[in-house]
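Enquirer: Taking our numbering, I'd label the letters of the sequence shown as residues 622 to 771.
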Amino acid sequence: MLLKGFAILPVFALFLVMPAHACSCLGADSAAEQAEAADIVFIGRVLHSGPQADTRPLWRRWLDWRGREAPAHGRHVTTFQVDEVLKGRIRGDIAIGHLPGIRAGECGVDFAGRHARLVLAWDDPGGGYSTSICSLPRFPEPEFRAALAD
622 MLLKGFAILP VFALFLVMPA HACSCLGADS AAEQAEAADI VFIGRVLHSG
672 PQADTRPLWR RWLDWRGREA PAHGRHVTTF QVDEVLKGRI RGDIAIGHLP
722 GIRAGECGVD FAGRHARLVL AWDDPGGGYS TSICSLPRFP EPEFRAALAD
């Protein structure tokens, strides 16, 4: 009788180790709605992109490594030359934090190429600005311009 309970244990354990890193985004119904959710909206070109430096003290990294807090590893920073500001106050180049990559189920963004692009980002509680796959423009640039001109 006791063995029946243990037979269920391995099946239950599978649910404990399954990764839960999927990204789900609430879709905006219009460019105006998506722009409203962003703190800054601009058109810019990528100057450089790479891993974010880990500036936490060694003791803090050790605690994060031990699993007491979720580490901020894996984040990237992309610096943009701002060509035009549509929303917010931006002076000069701006660095935007994000997770890298755009594989299915992840929230990351890949800013490949140096062509001009529309970028939406929000204030990051840790300072600066961040973006994710959920903030990629879902509507044509003219719709954002019209929405932000009002």
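The beta-carbon is built from N, C-alpha and C at its ideal position, and this holds for glycine as well.
Fair warning: this is a prediction, and the values are worked out from it, not measured in the lab.
Please report the residue range of the beta strand (DSSP E) in which Q702 lies.
Expert: Numbered from its first residue, the sequence shown carries residue 702 at position 81. Note, Q702: beta strand (DSSP E), H697 to K708.
Enquirer: Please classify A649 as buried or exposed, where buried requires at least 16 other C-beta atoms within 10 Å of its C-beta.
Expert: Position 28 of the sequence shown, counted from the start, is the residue given in the question as residue 649. Counting Cβ neighbours within 10 Å, A649 comes out buried, since at least 16 surround it.
Enquirer: Would V662 and G729 be called neighbours here (beta carbons separated by less than 8 Å)?
Expert: By 1-based counting over the sequence shown, the position of residue 662 is 41. By 1-based counting over the sequence shown, the position of residue 729 is 108. No, the pair does not count as a contact, with Cβ atoms beyond the cut-off.
Enquirer: Using the beta-carbon count (16 or more within 10 Å), is L647 buried or exposed?
Expert: Taking the sequence shown and counting its residues from 1, one reaches residue 647 at position 26. It counts as exposed.
Enquirer: Can you list, in chain order, the residues of its chain with a C-beta nearer than 6 Å to that of P672? Leave out the 5 residues immediately preceding and following it.
Expert: Position 51 of the sequence shown holds residue 672. Counting only Cβ-Cβ distances below 6 Å, and skipping sequence neighbours, we find H697.
Enquirer: Under 6 Å Cβ to Cβ from C744, same chain only, skipping five residues before and after it: list those, please.
Expert: Taking the sequence shown and counting its residues from 1, the one referred to as residue 744 is at position 123. As written in the sequence, residue 744 is Asp, which differs from the Cys given in the question. Correct list, in chain order: D660.
Enquirer: Whole angstroms is fine: what's the gap from P721's alpha carbon to T699's?
Expert: Sequence index remark: in the sequence shown, residue 721 carries index 100 (1-based). Sequence index remark: in the sequence shown, residue 699 carries index 78 (1-based). Roughly 10 Å separates the two Cα atoms.
Enquirer: From what residue to what residue does the beta strand (DSSP E) around P672 run?
Expert: Reading the sequence shown from its first residue, position 51 is the one you call residue 672. Unbroken beta strand (DSSP E) run through P672: I661 to P672.
Enquirer: Take Y750 as the anchor and find which of Q655, L679, F701 and E654 has the nearest alpha-carbon.
Expert: Here residue 750 corresponds to residue number 129 of the sequence shown, with the count starting at 1. For the residues Q655, L679, F701 and E654, the minimum Cα distance to Y750 belongs to F701.
Enquirer: Whose C-alpha, out of I717, V667, P678 and A674, is nearest the C-alpha of G734?
Expert: As a working mapping, residue 734 is identified with position 113 in the sequence shown. Comparing Cα-Cα distances from G734 to each of I717, V667, P678 and A674, the minimum goes to V667.
Enquirer: Apart from the five residues just before and just after I664, which ones in its own chain have a Cβ nearer than 6 Å to its Cβ?
Expert: Translated into positions along the sequence shown, residue 664 becomes position 43. The answer, listed in chain order, is D704, E705, A737 and L739.
Enquirer: With distance defined between alpha-carbon atoms, name the residue in D731, I711 and L679 nearest to I754.
Expert: Residue numbering aside, residue 754 sits at position 133 when the sequence shown is read from its first letter. Closest option to I754, Cα to Cα, is D731.
Enquirer: Note down, in chain order, each residue of its chain lying with its Cβ closer than 6 Å to the Cβ of H669, except the 5 sequence neighbours on either side.
Expert: By one-based count along the sequence shown, residue 669 stands at place 48. The answer, listed in chain order, is T700.
Enquirer: Name the residue from L707, S645 and G695 whose alpha carbon lies nearest to the alpha carbon of A768.
Expert: Walking along the sequence shown from the start, residue 768 turns up at place 147. Residue L707 is the option with its Cα nearest to A768.
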